[in-house]
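To start, the structure under review is shown below, and the notes come after it.
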Amino acid sequence: MTRRDALVHLATLLGATVVGPRLAAAPIGSMQAHGFSAEEIALLDEIGDTIIPDTDVPGARAVGIGEFLAMMIADCYEPAEQQRLRAGIADIAARYKQRYGGSFVGGPSADRTALLNELDREQREHHAALPPDGDPHYFRILKELTILGYFSSEIGATQALRYLEVPGRYEPDVPYTRGDRAWFN
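Residue numbers (my numbering): 7 to 191.
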């Protein structure tokens, strides 16, 4: 190896150590939408917000669930699974348009909820008949990712749940009244 080659490799290595962490720490929305269009992100936001709507705490749209779902689908699933999930997302939009004649995004909450309840029943039936090596229904995956994204966000962890940053000592029996928020730490 020549001195020049060694310097080129060293510069590449040092550059990667500086740039890599900056890319990993980039805030959501500052990078590409992982191959999803703005319309698809808006649809994912609307699906997430129908699953976890605003109540006395902000809903899934407030945590940017559309970008989270796009990132998880693009980064954590094999290409075949990504295609299945994207086809499922398109299926939700197509079913809504066929049934209600408009766009899922901005449509009446009651219509969106009715469609997602139907999909939830469909995925439960699919799951009950699923062989051990079978693929789960796309709506089950979207619903699970929505719940994961919401409750691991700052809003979900601190406003929807009771967040205790430093748990202190172990208390095996904590008073709980029905209706209290669950703990998260």
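Just so it is clear, CB atoms sit at the ideal spot from N, CA and C, and this is done for glycine as well. What you are looking at is a predicted structure, and each value in this text was computed from that prediction instead of being measured.
Buried or exposed (CB count within 10 angstroms, at least 16 for buried), residue i
i: R130; result: exposed
i: T152; result: buried
i: D97; result: exposed
i: L121; result: buried
i: A166; result: buried
i: S43; result: exposed
i: A188; result: exposed
i: D51; result: buried
i: G112; result: exposed
i: R146; result: buried
i: G162; result: buried
Nearest to residue i (by Cα), restricted to the options the options
i: A99; options: E84, I53, S115 and A116; result: I53
i: L125; options: A48, I95, V63 and S158; result: I95
i: T119; options: D55, E45 and E160; result: D55
i: E45; options: P64, A76 and Y156; result: A76
i: R127; options: D139, P138 and H143; result: H143
Cβ-heavy atom distance, residue i to the ligand COA, below 7 angstroms
i: Y83; result: The model on display carries no ligand, and the ligand COA is accordingly not part of it.
Coil, strand or helix - residue i by DSSP
i: G155; result: helix
i: E177; result: coil
i: L125; result: helix
i: D141; result: coil
i: H132; result: helix
i: T61; result: coil
i: E45; result: helix
i: P184; result: The sequence shown places Arg at residue 184, not Pro. DSSP places R184 in coil when its eight states are reduced to three.
Three CB pairs or more closer than 8 angstroms across the stretch 100-109 and the stretch 68-81 = By the Cβ test, the stretch 100-109 is not in contact with the stretch 68-81, since fewer than three Cβ pairs between them sit closer than 8 angstroms.
Counting pairs of Cβ atoms below 8 angstroms between the stretch 173-182 and the stretch 76-85, do you hit three or more?
-> The stretch 76-85 and the stretch 173-182 do not touch, with fewer than three beta-carbon pairs separated by less than 8 angstroms.
Check whether the stretch 82-93 touches the stretch 55-64, taking contact to mean three or more Cβ pairs, one atom from each stretch, closer than 8 angstroms.
-> Pairwise C-beta distances place the stretch 82-93 out of contact with the stretch 55-64, as fewer than three of them are shorter than 8 angstroms.
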